[in-house]
Amino acid sequence: MGSYMKNITEAMRWRYSTKEFDTNKKISAEDFQSLKDILRLSPSSTNIQPWHFVIADDEAGKARIAKGTEGMYEFNDAKVKDASHVIVFCSRVYADDEFLNKVLDKEDTDGRFAEPKFKEQMHQTRKMFLDICRYEQKDEPHWLIEQLYLNMGALLLGAATLGIDAVPMEGADLKALDEEFDLRSKGYTAVAMVSLGYRSEDDFNADLPKSRFDEETIITKA
């Protein structure tokens, strides 16, 4: 139902944080597969891929995710229940050795290493950056979350190029989502949500002008 954007600039000017979705419009299976491909192919530092995604595409699934919008987060309830699809973005809390070996073995299976020594080099490089965050900066969970936000940005841009509306939301009871989907026992925690679909004709935010700093304000030539 969306219209494909001609270029990235057009897509960025078109998109906005959708406040009200048209409940009668659903994202096609083909278009949503493209969005899932973005989730899988998104870049991350050292290719660590510390993410997991919980996706709802029906009323029952959205009701489960809406448990994170009860109480003080009720203002986001309709954005979950009225959307076509909702994605809970989850990050690993720690990248333990078992997970690091899974990443390494997948790279090996996919043919990333022309010589056996390159596999060990990649493993040591990834551990070096991880250890800096873990032991020196004392910031491992936040470093992993940073990679998740790279993924979210890619998704928002990809959705816009497909003419699909979206709204990223940090306003949620993340503990409730962790419990609902048993995330912590799997080594993950919920970080944010993105609802996707098509804007309602009554969405006030669609008619408001985009407000961004001028190029001269945010860019300095080196």
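Per this note's numbering, residue -17 is the first one in the sequence shown, and the count goes up by one each step.
In this text, a Cβ means the ideal position worked out from N, Cα and C, and glycines have one as well.
Quick caveat: nothing in here was measured; it's all calculated off a predicted structure.
Of Ala60, Leu137, Val70, the smallest CA-CA separation from Asp185 is found for Ala60. Shown here, Ala174 sits in a strand according to DSSP, grouped into three states. DSSP places Val149 in the strand class (E or B) of the three-state scheme. Gln106 counts as exposed, since fewer than 16 other beta carbons sit within 10 angstroms of its beta carbon. A distance of 9 angstroms or more separates the beta carbons of Leu23 and Phe35.
When the beta-carbon positions are compared, Asp164 and Thr51 stay at least 9 angstroms from each other. Contact check between the segment 173 to 185 and the segment -11 to 1: three or more CB pairs, one atom from each, fall below 8 angstroms, which counts as touching. The alpha carbon of Gly135 has as its nearest neighbour, out of Glu198, Glu56, Ser26, Lys168, the alpha carbon of Ser26. A check of alpha carbon separations from Val68 across Met54, Asn187, Ser193, Ala38 identifies Ala38 as the nearest. Residue burial is scored here from C-beta neighbours: Gln103 has fewer than 16 other C-beta atoms within 10 angstroms and is therefore classed as exposed. The three-state reading of DSSP puts Ile37 in strand, counting E and B together.
Looking at the DSSP output, His67 bridges to Leu178. Short of 6 angstroms from the beta carbon of Phe95, and not among the five residues preceding or following it, lie these beta carbons of its own chain, in chain order: Lys101. In this structure, the alpha-carbon of Lys(-12) lies about 8 angstroms from that of Thr143.
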